[in-house]
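Reading the sequence shown from the start, the letters are residues -6 to 151 in the numbering used here. Everything on this sheet refers to the single structure shown next.
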Amino acid sequence: MKHTFSVLVENKFGVLARVAGLFAARGFNIESLAVSPTNDPTVSHMTIVVDAPDERILEQIKKQLNKLVDTIKVQDLTTEDFIDRELVLVKIAVDAKIRPQILEIAQSLEAKIDEAAANAVTLEVVGDKNKIHTLLQLLKTFEIKEVVRTGRIAMSRK
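See the structure below:
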């Protein structure tokens, strides 16, 4: 099961490595990780998405995250009402024949066209995981030259 953690940490050198190390030491691959300063420049917000089949080990990781000196707050958003977003850039090879189809897909998903060249179009989409998945499924039949994703960011609605 995928778990989404919201972690507030002190904005210091090495904190990211220590947090990531906790997951690596238990054999959990971090599927998505986004880190940025908050409105307080001494505090950073981390959104960590992991696929963790064992709840017991996951509880242990939460406890160890809380024990880190630099950790301020750990929240498992998985069972809460939360909002999440991701940014994806997709570069698609185009010609005059398929360009209208790509533009129609872009319009239907409210994608921004960041760059349009004679042989390629780059789309920018911001949305939840379902919107991103839909975009990539719709573009699957075209020649995708490159996909770059930011990773999810999330916060509790409370």
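Here a beta-carbon is modelled for each residue, glycine too, at the ideal position from N, C-alpha and C.
- Contact between V42 and R145 holds: their C-beta atoms lie close to 6 Å from each other, under 8 Å.
- Checking the DSSP bridge columns, you'll see E139 partnered with K84.
- Exposed is the label assigned to M(-6), since fewer than 16 other Cβ atoms lie within 10 Å of its Cβ.
- Residue pairing of G120 in beta bridges, as defined by DSSP: E79.
- In this structure, the beta-carbon distance from R11 to L51 does not fall below 8 Å.
- Closest in C-alpha terms to K138, from the list S149, V119 and K84, comes K84.
- Collapsing the DSSP output to three states places L26 in a strand.
- A distance of 8 Å or more separates the beta carbons of I65 and V8.
- The beta carbon of N4 sits closer than 7 Å to the beta carbons of P30, P34, T35, V36 and S37 from its chain, once the five residues preceding and following it are set aside; these are given in chain order.
- Just measuring C-alpha positions, the residue of V0, V87 and V119 sitting nearest A111 is V87.
- A straight line joining the alpha-carbon of N59 with that of M39 spans about 13 Å.
- Residue environment analysis places I76 among the exposed positions, since fewer than 16 neighbouring C-beta atoms fall within 10 angstroms of its C-beta.
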